[in-house]
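Undergrad: Residues 244 to 350, numbered by the numbering used here, are exactly what the sequence shown covers, in order. In this text, a Cβ means the ideal position worked out from N, Cα and C, and glycines have one as well.
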Amino acid sequence: MGAVSDVTDADFDSVVLRSDKPVVVDYWADWCGPCKQVAPIIEELATQHGDKVTFVKMDTNTNPVTPANNHVLGLPTIQVYVGGELVKAFKGAKSKSVLLKAIEEYL
């Protein structure tokens with residue numbers, strides 16, 4: 244099934260905005276405790292639903308441009324893109340049920 248891949252400032256446009264499938268973007272940083280809580284949930288969702296939804300993560304330490312351009316003001320931030328448009332965004336650690344509900348209409 245699916246796995247969570249890394250996305251960078253350089254390939255955000257091609258990987259996320261031009262994707263044929265909905266894309267969940269997990270903005271994180273290594274110093275962010277709550278990010279570590281969300282990561283396994285994102286991995287689990289990617290394993291279960293990666294055939295219908297693309298899951299990517301972006302390290303905001305090494306990729307500062309995209310988070311700034313997409314109004315990421317705190318970490319973790321999860322954003323859902325469909326057809327290149329931001330359709331949902333969550334700030335802070337969220338439970339699996341909240342994140343699953345955010346993508347269920349695309350499954």
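Do you know whose CA, among S248, V247, A246, P265, lies nearest E328's CA?
TA: P265
Undergrad: I need the boundaries of the beta strand (DSSP E) containing K339, first residue and last residue.
TA: No beta strand (DSSP E) holds K339; the alpha helix (DSSP H) holding it covers 339 to 346.
Undergrad: Report yes or no: do three or more beta-carbon pairs, one from the segment 271 to 286 and one from the segment 301 to 309, lie closer than 8 Å?
TA: yes
Undergrad: Distance check for I285 and E347, CA to CA, integer angstroms please.
TA: 14 Å
Undergrad: Among the candidates T320, E287, V299, whose CA atom is the shortest distance from the CA of S340?
TA: E287
Undergrad: Secondary structure at R305, three-state DSSP: helix, strand or coil?
TA: Reading off the sequence shown, one finds Thr at residue 305, where the question assumed Arg. DSSP places T305 in coil when its eight states are reduced to three.
Undergrad: Could you give the first and the last residue of the continuous alpha helix (DSSP H) run that contains T290?
TA: 276 to 292
Undergrad: Are V247 and Y324 touching if we call contact CB-CB under 8 Å?
TA: no
Undergrad: Where does S257 sit, in a helix, a strand or coil, going by DSSP?
TA: For S257, the three-state secondary structure derived from DSSP is helix.
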